[in-house]
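Asks: Sharing a structure with you now.
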Amino acid sequence: MAHPPTARSRRGLRTTLIGWSFILPNFLGFALLTLVPMLAAFVLSFMDWDSYNPPEWVGLKNLERLLDDESTKVALRNTALYALGHVPLTALAALALALLLNRRMAGVGFFRAAAFFPYVTSMVAVAVVWNMLFNPSFGPVNQFLHLLGVENPPGWTTSTDWAMPAVVLTSVWRDMGYYMVLFLAGLQAIPQEHYEAARVDGAGPWQRFRAVTLPGLRPVTFLVLILLTVQSFKVFDLIVVMTDGGPGRATLVLSQQIYRQGIIEGEFGYASAISLVLFLLVLVLTLIQFWFNNRGER
Amino acid sequence: MIRRKMLAAVGLAMAALLPLTACGSGDDTESGPVELTVAVWSLASTPEFQTLFDAFHKANPDITVKPVDILAADYPTKVTTMLAGGDTTDVITMKTLADYVRFSGRGQLQDLTASATAQAGKLAGLDAYNQGGKYFALPYRQDFWVLYYNKKLFDAAKQPYPENLTWDQYVELAKKLTSGSGETKVYGAYQHVWRSVVHAIAAAQTGGDQLGGDYKFLADQYRTALALQDAGATLDYGTAVTQKTGYASMFESGKAAMVPMGSWFIAKILADKKAGTTDVDWGIAPMPQRTGTTGVTTFGAPTAFAVNKKAKHSAAAQKFVEFASSLEGAKAITGIGVVPAFSSDEIRAQYFTLPGMPTDDLSKKAFAPDKVNPEMPVSDKTAKVDTILAEEHQLIMTKEKAIDDGIKEMETRVKNEVN
């Protein structure tokens with residue numbers, strides 16, 4: 011009954027080619043606009059280039075400079091701080107929203123849409139409006155805090171201590187709706203039988219959440235955490251519009267530093283070196299998360 | 089996202105580098121109609137460009153100008169990318185001196201030294217374009233800073249118009265002109281958030297060097313700025329930044345009695361009055377000065393046209409650049425309230441015949457300051473120092489740092505971070 015091997019491999023080749031042809035349009039775009047530039051940036055990290063004259067090989071000079079550059083270090087620290095705030099808070103808020111809206115009740119569709127809405131809004135509009143809400147003297151946020159009896163409400167985006175929390179809060183508000191949708195999908199994929207079995211065994215709501223919901227959500231949580239981490243380390247638009255890295259360097263982040271060094275100051279080699287560091291950082295963090303996930307699944 | 093985009097831009101630019109050698113600059117022997125391309129920003133809201141194009145076409149009927157319109161905020165980055173990709177746009181407008189230094193330093197602009205020497209002495213701001221004895225651009229406008237004031241608010245507060253003010257008198261006057269509270273508050277002054285409002289004024293009037301690394305000369309001007317703010321006589325810095333307050337709306341809606349600002353604002357007020365969006369009764373006065381000095385010293389910055397090294401029509405492009413900085417070009421843009429680089433009594437007289445322009449003696453005096461120093465000295469360090477000074481400026485103005493600490497930090501950072 012066995013086919014002759016040649017026909018089989020020919021059919022295999024055919025299938026492969028058909029598969030490739032489906033991927034091709036996407037892959038072309040990816041290769042041309044992402045892969046080639048990424049490789050170019052990698053090579054540029056070891057060069058001096060002003061975008062016009064031929065690049066000059068400088069070896070590790072850019073990386074050495076990076077170690078000495080106070081602004082880049084500040085940017086690295088701020089990016090990490092932002093991620094430390096943004097990743098867990100967004101994940102928690104999204105999970106809480108998903109649990110709240112994963113039930114049969116009147117108007118649940120409306121509330122889900124409402125929670126998702128900030129994500130559809132343009133980032134620039136979000137940043138401008140929240141900037142006004144956070145205005146230290148006339149802003150609604152501080153007026154509300156006054157009502158609650160807070161004597162000295164924070165200066166938010168005008169204060170070096172509070173600018174980062176303000177930016178994190180805004181980004182959590184904007185992103186939680188999107189991740190809520192992912193969590194909702196995850197929740198609905200958990201078989202009801204598991205909950206029933208847990209109930210039969212006498213598990214309370216908290217135990218059911220810990221023993222059924224959380225393990226059931228593991229793949230989704232993993233995805234959400236990776237997406238959030240990558241997103242956090244790439245943060246740019248929100249910060250540029252809301253604080254432009256200020257006051258001082260209080261909210262200066264890595265992608266903004268790359269933009270300043272490369273596009274504004276025209277030092278593409280150095281900017282590429284910083285982006286290489288950013289890339290390695292995200293890669294390592296993602297690998298760690300993969301490792302954790304694999305260990306947990308065993 | 090942006091990082092990926094940036095990488096993409098870099099890669100594309102690299103790819104574009106390879107076949108570049110093929111497209112050299114255009115030949116100068118061409119005859120017949122020429123379509124000249126000129127890179128400009130926000131054409132619709134910057135009427136001087138179309139005005140210049142029309143005047144140039146009238147003088148040279150066989151050359152038509154085709155603008156390459158770029159959003160003002162993106163202009164420097166867009167032009168950087170264009171030139172890196174071997175773009176053949178003929179004329180490139182130099183929005184800032186910092187851009188000029190970068191483009192000319194990379195060898196992206198044509199040498200215009202001959203035209204520059206021919207115009208020497210007549211063009212204000214030309215010196216700023218001197219690069220080791222060579223010139224790669226010619227200024228066509230030269231803005232300088234004056235004090236705009238609202239006559240109605242002065243009359244209501246029974247205060248004399250601001251003639252020969254010192255900075256201390258300016259602060260006192262601003263306090264007297266401040267009235268009301270909350271939404272209807274009228275401020276005696278509005279100091280915009282740019283660092284030039286403190287730094288460039290201090291540098292111009294004390295002779296301090298913004299690239300020098302010693303910033304003690306800024307202290308007095310910071311004391312003035314913070315005194316205004318503490319007295320509530322100006323919108324505080326934090327609010328102005330978070331609300332993205334526009335200086336034009338503060339002045340044109342009568343919410344501020346005095347606004348120090350560049351002369352480009354004149355054209356905007358004239359246009360807005362013509363369009364009926366403001367009825368402000370205004371005048372200009374010389375900038376306030378330091379106590380114990382004579383004469384009027386202010387600061388300013390030129391704007392210039394340059395010819396792309398890879399221009400398709402080099403000869404026509406050079407003709408346009410020369411025209412824009414000549415008397416004819418100056419007459420054309422003076423007609424819409426723009427201050428040209430070409431200075432002559434004829435131009436000054438023409439300026440004050442514009443409809444809507446205040447014609448009192450104080451305004452005329454303000455229009456002829458004794459000395460206009462450059463806003464920011466230009467070198468390959470300018471961009472880096474600028475970033476540091478701007479960051480520390482925010483900290484001082486939001487009172488995150490005391491004046492002396494902020495200045496000390498500027499000095500340490502410039503020393504350590506700018507080699």
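Respectively, the protein sequence lines represent chains G and B. Heads up, the first sequence is in our numbering, so the first residue is 11 and it goes up one at a time. Heads up, the second sequence is in our numbering, so the first residue is 89 and it goes up one at a time. Virtual Cβ for every residue (Gly too), placed ideally from N, Cα, C. Nothing here was measured: the structure is a model prediction, and the numbers come from that model.
Any idea what DSSP makes of Gly114 of chain B, helix, strand or coil?
Replies: Note on Gly114 of chain B: pLDDT 42, under 50, position unreliable in the model; the coordinate value appears next. Gly114 of chain B: coil per DSSP, three-state reduction.
Asks: Just the chain B side, please: which residues come within less than 7 angstroms of Asp60 of chain G by C-beta, in chain order?
Replies: Near Asp60 of chain G (Cβ distances below 7 angstroms), the residues of chain B are Arg194.
Asks: Using the Cβ count rule (16 or more neighbours within 10 Å means buried), how would you classify Lys459 of chain B?
Replies: Lys459 of chain B should be labelled exposed.
Asks: Return the bridge partner residues of Tyr237 of chain B from the DSSP annotation.
Replies: B:Met346, B:Gly371, per the DSSP bridge assignment.
Asks: Closest by CA to Leu111 of chain G, which one among G:Pro163, G:Tyr189, G:Leu54, G:Ala281?
Replies: Here the closest residue by C-alpha is G:Tyr189.
Asks: Give a yes or no on whether 8 angstroms exceeds the smallest Cβ distance from Thr82 of chain G to chain B.
Replies: It does not; no Cβ of chain B falls within 8 angstroms.
Asks: Do the stretch 37-48 of chain G and the stretch 262-271 of chain G touch if we need at least three Cβ pairs shorter than 8 angstroms?
Replies: Cβ pair count under 8 angstroms is below three, so no.
Asks: What did DSSP end up calling Phe120 of chain G once you bin it into helix, strand or coil?
Replies: Phe120 of chain G falls in the helix class under three-state DSSP.
Asks: Report buried or exposed for His280 of chain B, applying the criterion of at least 16 other Cβ atoms within 10 angstroms of its Cβ.
Replies: His280 of chain B comes out buried.
Asks: Kindly indicate which residue of B:Val286, B:Gly301, B:Phe305 has the alpha-carbon position closest to the one of Gly295 of chain B.
Replies: Comparing Cα-Cα distances from Gly295 of chain B to each of B:Val286, B:Gly301, B:Phe305, the minimum goes to B:Phe305.
Asks: Does the Cβ-Cβ distance between Ala206 of chain B and Tyr217 of chain B come in under 8 angstroms?
Replies: Going by C-beta atoms, Ala206 of chain B is not nearer than 8 angstroms to Tyr217 of chain B.
Asks: In whole angstroms, give me the CA-to-CA distance for Leu34 of chain G and Ser285 of chain G.
Replies: Each residue's alpha carbon lies about 28 angstroms from the other.
Asks: With distances taken Cα to Cα, identify the nearest neighbour of Leu179 of chain G among G:Arg24, G:Leu45, G:Met252, G:Glu74.
Replies: Nearest of G:Arg24, G:Leu45, G:Met252, G:Glu74 to Leu179 of chain G, Cα basis: G:Met252.
Asks: Return the residues of the stretch 131-165 of chain G that lie within a Cβ-Cβ distance of less than 8 angstroms from chain B, sorted by chain order.
Replies: If the cut-off is 8 angstroms between Cβ atoms, the stretch 131-165 of chain G has Val138, Asn141, Met142, Phe144, Asn145, Pro146, Ser147, Phe148, Gly149, Gly165 near chain B.
Asks: Excluding sequence positions up to five away, which residues of its chain have a Cβ less than 7 angstroms from the Cβ of Val250 of chain G?
Replies: Gln266, listed in sequence order.
Asks: Roughly how many whole angstroms lie between the Cα atoms of Pro146 of chain G and Pro248 of chain B?
Replies: C-alpha separation (whole angstroms): 35 angstroms.
Asks: Is any beta-carbon of chain B found at less than 8 angstroms from that of Gly256 of chain G?
Replies: So, interface residue.
Asks: Please report the distance separating the alpha-carbon of Val234 of chain B from that of Ala399 of chain B.
Replies: Their backbone Cα atoms lie some 37 angstroms apart in a straight line.
Asks: Which residues, in order along the stretch 305-331 of chain B, keep a beta-carbon less than 9 angstroms from a beta-carbon of chain G?
Replies: Of all residues in the stretch 305-331 of chain B, Asp324, Tyr325, Gly326, Thr327, Val329, Thr330, Gln331 have a Cβ within less than 9 angstroms of some Cβ in chain G.
Asks: If you draw a straight line from the alpha carbon of Ala116 of chain G to that of Gln202 of chain G, how long is it in whole angstroms?
Replies: Ala116 of chain G and Gln202 of chain G: Cα-Cα distance of roughly 21 angstroms.
Asks: Measure the C-alpha to C-alpha separation of Arg378 of chain B and Gln293 of chain B and round it to an integer number of angstroms.
Replies: So the alpha carbons of these two residues sit roughly 7 angstroms apart.
Asks: With C-beta atoms as the reference, is Ala127 of chain B less than 8 angstroms away from Thr169 of chain B?
Replies: Cβ distance not < 8 angstroms, so Ala127 of chain B and Thr169 of chain B don't count as in contact.
Asks: Examine chain B for any beta-carbon lying closer than 8 angstroms to the beta-carbon of Arg184 of chain G, and answer yes or no.
Replies: Taking Cβ atoms only, chain B never reaches closer than 8 angstroms to Arg184 of chain G, which makes this a no.
Asks: Between the C-alpha atoms of Val292 of chain G and Gln241 of chain G, what's the straight-line distance to the nearest angstrom?
Replies: Using only the alpha carbons, I get a separation of about 10 angstroms.
Asks: Opposite Leu262 of chain G in the DSSP bridges: which residues?
Replies: Answer is none; Leu262 of chain G lacks a bridge partner.
Asks: Could you say which of G:Glu161, G:Thr44, G:Met186, G:Glu74 lies nearest to Ala123 of chain G if we only look at CA atoms?
Replies: Cα-wise, what sits closest to Ala123 of chain G is G:Met186.
Asks: Taking only the alpha-carbon atoms, compute the straight-line gap between Lys419 of chain B and Leu140 of chain B and give it to the nearest angstrom.
Replies: So the alpha carbons of these two residues sit roughly 10 angstroms apart.
Asks: Thinking C-alpha only, which one of B:Phe232, B:Thr125, B:Pro135, B:Ala172 is nearest Val179 of chain B?
Replies: Looking at the Cα atoms, B:Thr125 is the closest of the given residues.
Asks: Which ranges does the beta strand (DSSP E) cover as unbroken runs of at least 3 residues, wholly within the stretch 375-411 of chain B, from first to last along the chain?
Replies: Within the stretch 375-411 of chain B, the complete beta strand (DSSP E) runs of at least 3 residues are 385-395.
Asks: Which residues in chain B sit within 8 angstroms of Asn63 of chain G, going by Cβ to Cβ distance?
Replies: Those within 8 angstroms of Asn63 of chain G in chain B are Arg194, Gly195.
Asks: Just confirm the distance between the C-beta atoms of Thr475 of chain B and Pro257 of chain G, as a whole number of angstroms; I'd bet it's less than 8 angstroms.
Replies: Contact flag wrong, Cβ pair sits at about 14 angstroms.
Asks: Mind checking Trp30 of chain G: buried by the 16 CB within 10 Å criterion, or exposed?
Replies: Answer is exposed; the Cβ neighbour count stays below 16.
Asks: Check for me: the beta strand (DSSP E) holding Tyr275 of chain B runs from which residue to which?
Replies: Residues 275-277.
Asks: Can you find the residues in the same chain that come closer than 8 angstroms, C-beta to C-beta, to Pro121 of chain B, ignoring five residues on each side of it along the sequence?
Replies: Contacts found: Asp150, Ile151, Thr152.
Asks: Going by other Cβ atoms of all chains shown within 10 Å of its Cβ, with 16 needed for buried, is Leu70 of chain G buried or exposed?
Replies: That one is exposed.
Asks: Between Arg283 of chain B and chain G, is any beta-carbon pair separated by less than 8 angstroms?
Replies: For Arg283 of chain B, the answer is no, since every Cβ of chain G falls outside 8 angstroms of its Cβ.
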